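Enquirer: Let me begin by handing over the structure; questions about it come next.
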Amino acid sequence: QCPDFVEPDKTPGVMTWDELLEHMDNLVSRGQDELKIWHKTASALQTGKQEQSETECSTEDIAHRAQLQNKLAGICEDMCKEVGAYPKCAQCPDFVAPDSTPGVMTWDELLEHMDNLVSWGQDELKGWHKTASA
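Going from the sequence shown to our numbering is simple: count from 1 and add 714.
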């Protein structure tokens, strides 16, 4: 009745044998097309259209590796948190472990703070002496 009318699928959601065979034929055809493209690319590489020396390849490889490491360094702690390794992230670059006693000053922290106060006080005294002698 209607030109170009396509009857709806009689088995929606189920692949019939005819549909399976047609799908496999399509996959074979697509695979052959892909192989032709790969062969063309491979022959272009072999004929030297994209020649690179070994040192150029090594240099480029090192640059790519550095880019990857830099990219991962920024998200290393996030990855450790996701896999449950945080705060034991010793492999992350520039990792500083979180304070194991937040809100409480340990003896080591107190001694370091007092050393800093002594150093700061000495610097202040030098500044005052310089101001007074001027």
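Yeah, the Cβ is synthetic: ideal placement off N, Cα and C, and Gly gets one too. Keep in mind that this is a model prediction, so the values were computed, not measured.
Hey, quick one: how far does the alpha helix (DSSP H) through D718 stretch, first residue to last?
Expert: Within the sequence shown, the letter at position 4 stands for residue 718. For D718, there is no enclosing alpha helix (DSSP H), as DSSP marks it with neither H nor E.
Enquirer: Got a sec, what are the start and stop residues for the alpha helix (DSSP H) G841 sits in?
Expert: The residue labelled residue 841 in the question sits at position 127 within the sequence shown. Unbroken alpha helix (DSSP H) run through G841: W821 to S847.
Enquirer: Going by other Cβ atoms of all chains shown within 10 Å of its Cβ, with 16 needed for buried, is K763 buried or exposed?
Expert: Stepping through the sequence shown from its first residue, residue 763 is reached at position 49. Unreliable placement is indicated for K763, whose pLDDT of 49 sits below 50; the coordinate value is still reported in the next sentence. Its Cβ having fewer than 16 others within 10 Å, K763 is exposed.
Enquirer: Under 8 angstroms, with one C-beta from each stretch per pair, do the region 797 to 805 and the region 779 to 787 reach the 3-pair mark?
Expert: no
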